[in-house]
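Okay, so the sequence shown: first residue is 1 according to the UniProt record's numbering, each after it adds one.
In this text, a Cβ means the ideal position worked out from N, Cα and C, and glycines have one as well.
What follows is a set of notes on a single structure, which appears directly below.
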Amino acid sequence: MTQSISTNAKVWLITGTSSGFGRELAEQLLGAGEKVVATARKTETIADLAETHPDTALVVALDVTKEETIEAALKAALDKFGRVDVLVNNAGYGLAGAVEEATEAEFMPVFETNVFGLIRTTRAFLPQFRKQKSGSIVNLSSIGGLIGSPGWGYYNASKFAVNGFSEALAAEMALLGVHVMIVEPGPFRTEFLGSSGKEAEERIADYDETAGKTRQYFQEQSGKQPGDPVKAVKAIIDAVNAAEPPKHLVLGKLAFDRMQARLEVWKKDLAAWETTSLGADFDKADAAAGQAAYADTRQAGKA
Ligand SMILES: NC(=O)c1ccc[n+]([C@@H]2O[C@H](COP(=O)([O-])OP(=O)(O)OC[C@H]3O[C@@H](n4cnc5c(N)ncnc54)[C@H](OP(=O)(O)O)[C@@H]3O)[C@@H](O)[C@H]2O)c1
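Structure below.
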């Protein structure tokens, strides 16, 4: 199917488009006449996108753990489309298992992909975004990047890192005309619990009631998650195109309810310990200058 190219079309580059959110995003965008640089570790999984949309789709190999493939993808995108308006850092996967059960050989690659891969890709694109003084960076985190759960320690840590990195980046890029949005989905029906999911090999019976339940969930719930990737992707596109895009886009009722409950717990803890919190500074006169200087750094990027 060939398609007329809209002159207002944005150029999107997406990592991890072989399945799940990434694939769905590429398909919806191409269907809407947008220009898409679809990337994957194995390009044969996405070759059909370029065949059906020869003018608006570019298929490029990109493994977020391999710097040279990121540089090559950026160059290919600029050669074909001249700019990149939206970078979607989507590639990532989960590892189930208790903190003590997972080995370094199992958890380091989670960070290599979910954290350092995302950072590496983002940094490669920042000079182009600064040059354009416009655009969006969309980082896939998770409700697990805001709230930790038993059996998800390393995945939680990787996605919390994505949130921290993205919030700082958002504050730096806002004045340069670039918006950073963090997507925080709950459970969605992709390959996340299927072919992409990993489990720690070692099992320790003492964790059966905690991480063990997560493992059971992992094994039994693939394909039964309540979240619909088609609707999630539509929501992401709408949010990117909104006049005032959110900083955090929480997706799915499970994630929304958990976040609401978490905010209540945080509010309660803050209120209950307010006197202790406020009492930890030097006395008023001594602390005032330091507090003002700190507030000034927060103000710069509206953080
Ligand atoms: N689905 C959920 O419930 C859920 C919830 C919260 C957050 N998320 C996040 O959403 C993002 C997308 O996941 P998904 O749910 O769509 O799962 P998915 O269907 O498993 O898709 C993950 C994608 O990441 C790619 N990928 C993995 N390692 C990569 C690497 N080193 N370089 C490039 N691509 C790589 C995979 O490609 P290969 O085919 O080559 O492995 C695949 O295309 C992830 O960051 C995930 O953590 C998902």
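Let's see if you can read the secondary structure: which residues bound the beta strand (DSSP E) around residue i?
i, result
"Leu251", "His248 to Leu251"
"Ile137", "Gly135 to Leu140"
"Leu87", "Val86 to Asn89"
Which residue marks the beginning of the alpha helix (DSSP H) containing residue i, and which one marks its end?
i, result
"Glu184", "That residue, Glu184, is in no alpha helix (DSSP H); its beta strand (DSSP E) goes Val178 to Pro185."
"Phe192", "Premise fails: Phe192 is in no alpha helix (DSSP H) and is neither H nor E."
"Ile119", "Leu118 to Gln132"
Closer than 8 Å to a non-hydrogen atom of ligand 1 - does that hold for the CB of residue i?
i, result
"Ser149", "no"
"Tyr294", "no"
"Asp281", "no"
"Gln225", "yes"
"Ser196", "yes"
"Asp257", "no"
"Phe21", "yes"
"Asn114", "yes"
Return the CA-CA distance between residue i and residue j, expressed in angstroms with no decimal places.
i, j, result
"Thr276", "Lys284", "15 Å"
"Lys159", "Lys35", "28 Å"
"Gln3", "Asp55", "Reliability fails at Gln3, whose pLDDT of 46 lies under 50, so the model's placement of it is uncertain and the value that follows must be treated cautiously. So the two alpha carbons sit approximately 8 Å from each other."
"Lys234", "Gly279", "47 Å"
"Arg215", "Leu193", "10 Å"
"Glu209", "Pro150", "9 Å"
"Met1", "Ser222", "No answer about Met1 holds up, because its pLDDT of 41 lies below 50 and its placement is not dependable."
"Ser18", "Ile204", "34 Å"
"Gly177", "Val84", "14 Å"
"Glu199", "Ala288", "50 Å"
"Lys247", "Ile182", "6 Å"
"Gly148", "Ala77", "37 Å"
To which residues does DSSP link residue i through a beta bridge?
i, result
"Lys35", "Val11"
"Glu199", "Ala96"
"Leu58", "Val37"
"Gly227", "Phe188"
Would you say the beta carbon of residue i comes nearer than 8 Å to a heavy atom of ligand 3?
i, result
"Ala47", "Questions concerning ligand 3 fall outside what the structure shown contains, since the ligands it does hold are ligand 1."
When burial is assigned at 16 or more other CB atoms within 10 Å of the CB, is residue i buried or exposed?
i, result
"Gly16", "buried"
"Asp206", "exposed"
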